[in-house]
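The structure appears right after this line, and notes come after that.
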Amino acid sequence: MYMNISEGNTAAALMDQGLWPLLLPSLALMVGGSAFGPSVATAAKYSAIAAAAGLVLTQGRSAKNILGKVFGGSTASTG
Numbered sequence: 304m305y306m307n308i309s310e311g312n313t314a315a316a317l318m319d320q321g322l323w324p325l326l327l328p329s330l331a332l333m334v335g336g337s338a339f340g341p342s343v344a345t346a347a348k349y350s351a352i353a354a355a356a357g358l359v360l361t362q363g364r365s366a367k368n369i370l371g372k373v374f375g376g377s378t379a380s381t382g
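For the sequence shown, counting from 1, position 54 maps to 357 in this note's numbering; every step adds exactly one.
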């Protein structure tokens with residue numbers, strides 16, 4: 304995230320790396336949130352859904368066509 308921001312790619316930093324620090328604690332609170340009360344678990348559930356949706360919807364945004372945007376992901380070569 305730091306590298307993206309320092310290179311001026313603030314949007315990429317927020318979309319690619321910035322949503323993970325929201326998703327992971329939300330999942331943890333969703334699982335163990337009942338110890339804090341049902342309202343914490345409910346808020347964590349909606350936060351996790353929003354972060355996961357944001358991650359899915361913002362991946363592949365640099366692809367040229369719609370199929371690349373929908374099915375795009377990291378394309379690591381093997382070999």
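C-beta: ideal position from N, C-alpha, C; glycine also.
Model, not experiment: these values are computed from the prediction.
Contact check, residue i vs residue j, beta carbons under 8 Å
i: residue 351; j: residue 329; result: yes
i: residue 358; j: residue 326; result: yes
i: residue 320; j: residue 312; result: no
Where residue i falls, given that 16 or more other Cβ within 10 Å makes a residue buried
i: residue 332; result: buried
Alpha helix (DSSP H) segment containing residue i, residue limits
i: residue 307; result: 305 to 309
i: residue 318; result: Here residue 318 belongs to no alpha helix (DSSP H), and DSSP marks it neither H nor E.
i: residue 354; result: 341 to 361
Contact belief for residue i with residue j at Cβ below 8 Å, rounded distance in angstroms
i: residue 322; j: residue 354; result: 5 Å
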